[in-house]
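Quick note: the sequence shown uses numbering that gives the first Met the number 0, first residue 0, plus one each step. No residue lacks a Cβ here, since even glycine has one placed at the ideal position from N, Cα and C. Here the structure is laid out as structure tokens; the discussion comes afterwards.
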Amino acid sequence: MKIFITLLFVAGLTLNMMGQEVKLNTNMAVEADGTVRMDGAATTWEDLRVDLNNGSAGTTIGYMPGESTGGQIYYFVDGANPDAMSFSVQLPHAWKEGTTVYPHVHWIPNNTSTGDVQWNLDYSWQNYVSGATVAFPVKTTSTVVATIATNSYRHHLITALTEGNAGLDGTGKKISSMIVCRIWRNASAGNAADTYAGNVGGLFVDFHYQSDTYGSRQEYIK
């Protein structure tokens, strides 16, 4: 009799769970449609990756520092007018909508000098809205200064592209939104903020973002 009652209880509980969200613990849930959602500390971090392979406005392509063969990278040249590279990124379907994203640049100095490198990121971020016309806002520029205090020749360096790594505010932004960007270095003689006497190689740009699902429920809707 006890076994029969237990089976009835389990069956009833299963039917009840099928029609509502189920919390597996405080930070993970299975929604009524079967979507797995991570909350709180269960959200994970990922890289939204950008290859720096579209040089413009003065950047030059060359081999790794001190080499004459092998892989090539783009250099942001010292003493030149602003050197720039342009790219666009799309927010992935796993992204936790509305959260801040954190852009940073991977780079490499090409000599033993010390000094400051001024990095600038222009960006304009807009949603995709089906059936509506939405315009991209006027660009915003984020400027940071990276200090090379000791010999960092051929070292892999990472610099956050927002002051204090504050990131880009994602409030109101949705999956499949686009960020149109330009990263540039102003190493011209008139810019006292950039004192590093050498070129710097751009290796990669990526955006750290939080993920709370394995994808989206619909093609353009989270």
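Original post:
So V29 packs on T212, CB below 8 Å; how close in whole Å?
Top reply: Not a contact, Cβ separation roughly 11 Å.
Subject >> Residue range of the unbroken beta strand (DSSP E) whose run includes R223 >> reply: The shown model of the chain, from 0 to 221, leaves out residue 223, and the question about it has no answer.
Subject >> Simplified DSSP state of E45, which is helix, strand or coil >> reply: strand
Original post:
CB-CB under 7 Å to N126, same chain, minus the five flanking residues each way: which ones, in chain order?
Top reply: V133, K172, K173, S176
**OP:** With a 10 Å radius around its C-beta and 16 neighbouring C-beta atoms as the bar for buried, classify I182 as buried or exposed.
**Re:** buried
Subject >> Close-in-space but distant-in-sequence residues of the same chain around F206 (CB under 6 Å, 5 per side omitted) >> reply: L47, V100, P102
Subject >> For D168 and E218, the rounded distance between their alpha carbons >> reply: 24 Å
Original post:
Could you check where the beta strand (DSSP E) with P136 kicks off and where it finishes?
Top reply: From DSSP, P136 is part of no beta strand (DSSP E); its letter is neither H nor E.
**OP:** Give me whichever residues DSSP pairs with S87 in a beta bridge.
**Re:** V179
Subject >> Host beta strand (DSSP E) of N119 (start-end) >> reply: 114 to 125
**OP:** Return helix, strand or coil for G39, following the three-state DSSP convention.
**Re:** helix
**OP:** Would you please state the rounded distance, in angstroms, between the beta carbons of P81 and N185? I believe it to be under 8 Å.
**Re:** 5 Å
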